[in-house]
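Following: one structure in structure tokens, then a few remarks.
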Amino acid sequence: MKIILALTILLISFQIGFAQSEDKLTAEEIINSSIEQIGGENKINAIKTSEMAYIFNTSTNERASIIEKRINSKSFVQSILSEEHVAQTTFFNGEKVIKVEGESVYEFEDKITIEDISLKTFNHIQYGYKKLGYDFERLSDKNFDYFDCYVVRAVSKTGYTTLNYIDKTNFRLIMVIYPNGNKSLLQEQVDYNGILYNSKIMNVNNGDETSVLNLLDVKTNNKIADVWFESPHNSRVKLPDNIRIGKFKPVNLSSILTRTEFEQVETINQDRAFINKVKWKFNDIFILENENIPKTNQDILVKIVSWNENEYVCHFISGNSLGTQEYRTVE
1 MKIILALTIL LISFQIGFAQ SEDKLTAEEI INSSIEQIGG ENKINAIKTS EMAYIFNTST
61 NERASIIEKR INSKSFVQSI LSEEHVAQTT FFNGEKVIKV EGESVYEFED KITIEDISLK
121 TFNHIQYGYK KLGYDFERLS DKNFDYFDCY VVRAVSKTGY TTLNYIDKTN FRLIMVIYPN
181 GNKSLLQEQV DYNGILYNSK IMNVNNGDET SVLNLLDVKT NNKIADVWFE SPHNSRVKLP
241 DNIRIGKFKP VNLSSILTRT EFEQVETINQ DRAFINKVKW KFNDIFILEN ENIPKTNQDI
301 LVKIVSWNEN EYVCHFISGN SLGTQEYRTV E
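Per the numbering used here, the very first residue in the sequence shown carries number 1; after that it's consecutive.
Right, dumping it as structure tokens:
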């Protein structure tokens, strides 16, 4: 991936001048031009699934790994994992939103939450607006210190409303304001197979607290197991016994994992290749420790995100490395 554009200013305070519209572009034409700036509707339509990995940093030096997976326009899951803070997962299977914080589980049925998460089933919010049938209204143009912007209000059929600031020079979307007042400042883009993705996103909440998402990797059109998008939880997080302890085969790998309450052994061609101590932090999160390797950045933090009778999927971080893996149970 190649970085092609960067903003070096923070658009947090609104030192904005107002200007009359200088052309007769409609709101829909501006959104269509913004989609073209990304790469065009045909290329975006060709993406059926996507997987993205981010590093999340706050102004108070908090840090987390974020994994997002999509069946585009249908399903979405986001897993947030940190060595210091409570893990979070958001599931959306196209019908209901389930959020997990620590070991607590919440189901959301309100229209605003569902509309917000529905937009996240798309890699690009402008394209999501069109596919979900939003109405567009062009507002007065606005002049920032370094940018002259079109402003488009996007409104869903349920009334979910965002404001979108689009650079007049190239139709790049540079800021979105959400119904709760939070802002996303889209600071950088990267090119991946002819489509531009937002690679550095600054989020600013109502209290002016900031956080930054840095995109590390994009994978598209790989098969994603359905288990990722279905929450296995009831009122609390609790792993079944056959997922907590047992024998498992990683998908696309030849090894076998055997996990007890206190140890995990990875066997390759019947050789005990890797032996790690298991320390459970929470019901669904454990640490793999290898006593033969210096501790610094070698422990692996593993979160079991979802499961069913025959498989589970997990999110892991180890130092600067992060990723996901799928496992099948072995009798």
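Glycine included, every Cβ here is placed at the ideal spot set by N, Cα and C.
Residues sharing a beta bridge with residue i, DSSP
i: Q88; result: I80 and E101
i: S306; result: V313
i: Y165; result: V151 and M175
i: P250; result: Y327
i: W280; result: F286
i: R236; result: S104
i: K24; result: Paired residue(s): none; K24 is not in a bridge.
i: E68; result: M52 and Q78
i: E266; result: L257 and F274
i: D135; result: V155
i: I300; result: L288
i: S318; result: S321
N-terminal and C-terminal residue of the alpha helix (DSSP H) that residue i is part of
i: Q126; result: I125 to K131
i: N42; result: E41 to N45
i: T113; result: K111 to L119
i: N61; result: Neither: N61 is in no alpha helix (DSSP H) and is coded neither H nor E.
i: D241; result: D241 to R244
First and last residue of the uninterrupted beta strand (DSSP E) at residue i
i: Q187; result: K183 to Y192
i: N214; result: T210 to T220
i: A27; result: It is not in any beta strand (DSSP E) - A27 instead sits in the alpha helix (DSSP H) that spans A27 to I38.
i: I195; result: I195 to V204
Anticipated Cβ contact below 8 angstroms, residue i with residue j, distance rounded
i: K183; j: I177; result: 5 angstroms
i: N310; j: K238; result: That belief does not hold up - the Cβ atoms of N310 and K238 are roughly 18 angstroms apart, past 8 angstroms.
i: P232; j: N308; result: 7 angstroms
i: S59; j: E209; result: 7 angstroms
i: I407; j: V97; result: No answer is possible for residue 407: the residues shown for the chain start at 1 and end at 331.
i: N193; j: T121; result: Not a contact, Cβ separation roughly 20 angstroms.
- Query: Do the stretch 124-131 and the stretch 75-88 meet, that is, are 3 or more Cβ pairs less than 8 angstroms apart?
  - Reply: no
- Message: Contact between the stretch 256-265 and the stretch 85-92 is defined here as three or more beta-carbon pairs at a separation below 8 angstroms; is this criterion met?
- Response: no
- Query: Are three or more beta carbon pairs between the stretch 300-313 and the stretch 207-222 nearer than 8 angstroms?
  - Reply: no
- Message: Contact between the stretch 143-160 and the stretch 20-34 is defined here as three or more beta-carbon pairs at a separation below 8 angstroms; is this criterion met?
- Response: yes
- Query: Can at least three beta-carbon pairs, one atom from the stretch 275-290 and one from the stretch 32-44, be found at a separation below 8 angstroms?
  - Reply: no
- Query: Should the stretch 154-163 be regarded as contacting the stretch 132-140, the criterion being three or more beta carbon pairs within less than 8 angstroms?
  - Reply: yes
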